[in-house]
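Novice: For the sequence shown, the positions run 0 to 278 when numbering that gives the first Met the number 0 is used.
C-beta: ideal position from N, C-alpha, C; glycine also.
One structure, as structure tokens, below. Some questions next.
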Amino acid sequence: MSENQNLLAEQRRALILDEVRRRGGVRVNELTRKLGVSDMTVRRDLDALARQGVLEKVHGGAVPVVEASTHEPGFEAKSGLELTAKEDIARSAAELVAPGTAIALSGGTTTYALAHHLLDVPDLTVVTNSVRVADVFHAAQRTTGPRQGAATVVLTGGVRTPSDSLVGPVADQAIAALHFDVLFLGVHGISVEAGLSTPNLAEAETNRRLVQSARRVVVVADHTKWGTVGLSSFASLEQVDTLVTDAGLPAEARGEISEHLRRLVLAGQVGESVEGADS
């Protein structure tokens with residue numbers, strides 16, 4: 000972590016969280032030295048991260064929050080995390096969408112960000128099991144009124160999860176009867192061993208159906224998802240065509256991921272990096 004007194008609060012907190020997760024804990028005096036800021040600033044950052052539930056403050060520093068593999072944060076809890084990374088990922092992923100195609104968007108805060116970037120792509124058919132994603136398109140139509148080229152949105156139905164995804168037999172049956180060109184998939188966790196995983200068993204099955212119905216699978220996930228493992232795996236890395244993530248992904252992880260999927264896109268940096276090649 001390099002020293003930089005001019006880091007924005009959001010960037011500084013992302014660096015602190017990365018350091019805590021990587022090292023298993025960090026002291027306030029270490030952070031003040033590395034970031035070149037005051038003790039008071041670091042303590043405010045730790046307070047903010049603790050309120051978000053992503054780390055735990057201890058005397059003189061902070062340690063990671065150890066979550067059970069069945070813990071599923073709600074949409075609002077996740078929506079305030081890694082905002083810059085999610086926006087960069089959404090912008091890059093939107094460039095992979097061609098007009099007139101049928102796409103699917105799974106639930107999640109990153110796919111929600113992506114939906115906003117797709118409003119001006121003409122003649123899309125959007126299949127989604129996300130109430131939040133569907134609302135993005137419906138709200139745009141209510142604001143502008145019916146317009147030529149507006150997306151056709153298919154909401155699957157199903158039982159609502161804490162992250163506002165619709166899952167279960169109704170959703171699974173609807174998805175199984177459809178075929179789409181590209182699936183944009185948000186994930187709870189991603190690793191070489193467990194592949195893509197989620198803490199929700201029903202959501203795992205619905206995501207499995209989404210993967211099966213897609214010609215191409217694009218995972219949109221910020222770097223903090225790397226190494227996280229939920230209760231249930233639903234796809235291997237080999238089933239993923241492209242991973243769009245942010246430049247915070249460690250170099251070691253980039254190497255591991257590139258061995259298992261066709262394409263890795265690192266969004267949000269100058270000269271956006273694309274590793275691997277589509278086959």
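#1: Counting Cβ pairs, one atom from each stretch, are 3 or more of them under 8 angstroms apart for the segment 123-139 and the segment 238-250?
#2: Under the DSSP definition of a beta bridge, which residues are partnered with Thr205?
#3: According to DSSP, which residues form a beta bridge with Pro121?
#4: Could you tell me which whole alpha helix (DSSP H) segments of length 4 or greater appear in the segment 162-244?
#5: Suppose the cutoff is 6 angstroms on Cβ atoms and the five residues either side in sequence are ignored; what does the same chain contact list for Ser1 look like?
#6: For Arg20, which of Gly247, Thr110, Ala201 has the nearest alpha-carbon?
#7: Could you pull out every residue in the same chain whose Cβ sits closer than 7 angstroms to the Cβ of Gly148, ignoring the five residues on either side in sequence?
#8: Buried or exposed, going by whether 16 or more other CB atoms sit within 10 Å of the CB of Leu200?
#9: Assign Gly107 to buried or exposed, taking buried as 16 or more other Cβ atoms, counted over all protein chains shown, within 10 Å of its Cβ.
#10: CB-CB under 6 angstroms to Val228, same chain, minus the five flanking residues each way: which ones, in chain order?
#11: Of the choices Leu184, Glu94, Thr151, His222, whose alpha-carbon is the least far from that of Ala234?
#12: On the DSSP bridge assignment, give the partners of Gly60 in chain order.
#13: Reducing DSSP to helix, strand and coil, say where Ser257 ends up.
#14: Within a Cβ cutoff of 8 angstroms, which residues of the same chain sit near Arg26, ignoring the five residues on either side of it in sequence?
#15: So, is Arg146 buried or exposed, given that buried needs 16 or more other C-beta atoms within 10 angstroms?
#16: Quick test of the definition: if touching needs 3 or more C-beta pairs under 8 angstroms, does the segment 48-58 touch the segment 85-94?
#17: Ignoring anything shorter than 3 residues, give me the beta strand (DSSP E) runs that lie fully in the segment 103-148, in order along the chain.
#18: Would you kindly report the start and end of the unbroken alpha helix (DSSP H) that includes Thr40?
#19: Check whether the Cβ atoms of Asp171 and Arg214 sit closer than 8 angstroms, and answer yes or no.
#20: As a quick exercise: from His178, Val96, Thr124, Arg131, pick the residue whose alpha carbon is nearest that of Thr160.
#21: Among the residues of its own chain, which have a CB less than 7 angstroms from the CB of Asp38, if the five just before and after it don't count?
#22: Under the DSSP definition of a beta bridge, which residues are partnered with Val153?
#23: Beta-carbon within less than 6 angstroms of Pro98's beta-carbon, same chain only, minus the 5 sequence neighbours each way: which residues are those?
#24: Could you tell me the boundaries of the alpha helix (DSSP H) in which Ala266 lies?
Specialist: Concretely, from the data shown:
#1: no
#2: As a working mapping, residue 205 is identified with position 206 in the sequence shown. DSSP output for Thr205 lists no bridge partner at all.
#3: By 1-based counting over the sequence shown, the position of residue 121 is 122. The partner list for Pro121 (beta bridge, DSSP) is empty, contrary to what the question assumes.
#4: 168-175, 200-211
#5: For the purposes of this step, residue 1 is taken as residue 2 along the sequence shown, with counting starting at 1. For Ser1, the predicted model reports a pLDDT of 42, less than 50, meaning its position is unreliable and no value from the coordinates is stated.
#6: By one-based count along the sequence shown, residue 20 stands at place 21. Measuring from the Cα of Arg20, the nearest candidate turns out to be Gly247.
#7: As a working mapping, residue 148 is identified with position 149 in the sequence shown. Cβ neighbours of Gly148 beyond the five flanking positions: Pro121, Asp122.
#8: For the purposes of this step, residue 200 is identified with residue 201 of the sequence shown, where counting begins at 1. Exposed.
#9: Numbered from 1 along the sequence shown, position 108 holds the residue referred to as residue 107. Its Cβ being crowded by 16 or more others within 10 Å, Gly107 is buried.
#10: Taking the first residue of the sequence shown as 1, we reach residue 228 at position 229. Excluding sequence positions up to five before and after Val228, its CB lies within less than 6 angstroms of the CB of Gly188, Ser190, Ala193, Ser196, all in the same chain and listed in chain order.
#11: Working through the sequence shown from its first residue, we reach residue 234 at position 235. Among Leu184, Glu94, Thr151, His222, the Cα nearest to that of Ala234 is on Leu184.
#12: Residue 60 sits at position 61 when you count from the first residue of the sequence shown. DSSP output for Gly60 lists Arg26, Val57 as bridge partner(s).
#13: Looking up residue 257 in the sequence shown gives position 258. Three-state DSSP puts Ser257 in a helix.
#14: The count along the sequence shown starts at 1 and reaches residue 26 at position 27. Result list for Arg26: Gly59, Gly60, in chain order.
#15: Reading the sequence shown from its first residue, position 147 is the one you call residue 146. Exposed is the call here.
#16: Contact between the segment 48-58 and the segment 85-94 is absent, because fewer than three Cβ pairs lie under 8 angstroms.
#17: 124-127
#18: Walking along the sequence shown from the start, residue 40 turns up at place 41. Looking at the DSSP string, the run of the alpha helix (DSSP H) that includes Thr40 is 38-50.
#19: Walking along the sequence shown from the start, residue 171 turns up at place 172. Walking along the sequence shown from the start, residue 214 turns up at place 215. Taking 8 angstroms as the Cβ cut-off, Asp171 and Arg214 do not qualify as a contacting pair.
#20: Taking the first residue of the sequence shown as position 1, residue 160 is located at position 161. Nearest option by C-alpha distance: Arg131.
#21: Along the sequence shown, read from residue 1 onward, the residue named residue 38 stands at position 39. Only Val27, Thr31 meet the Cβ criterion.
#22: Position 154 of the sequence shown, counting from 1, holds the residue named residue 153. DSSP, once it has assigned bridges, lists Val126 as partnering Val153.
#23: Working through the sequence shown from its first residue, we reach residue 98 at position 99. Contacts found: Val120, Pro121, Asp122.
#24: Position 267 of the sequence shown, counted from the first residue, corresponds to residue 266. From DSSP, Ala266 is part of no alpha helix (DSSP H) but of the beta strand (DSSP E) over 262-266.
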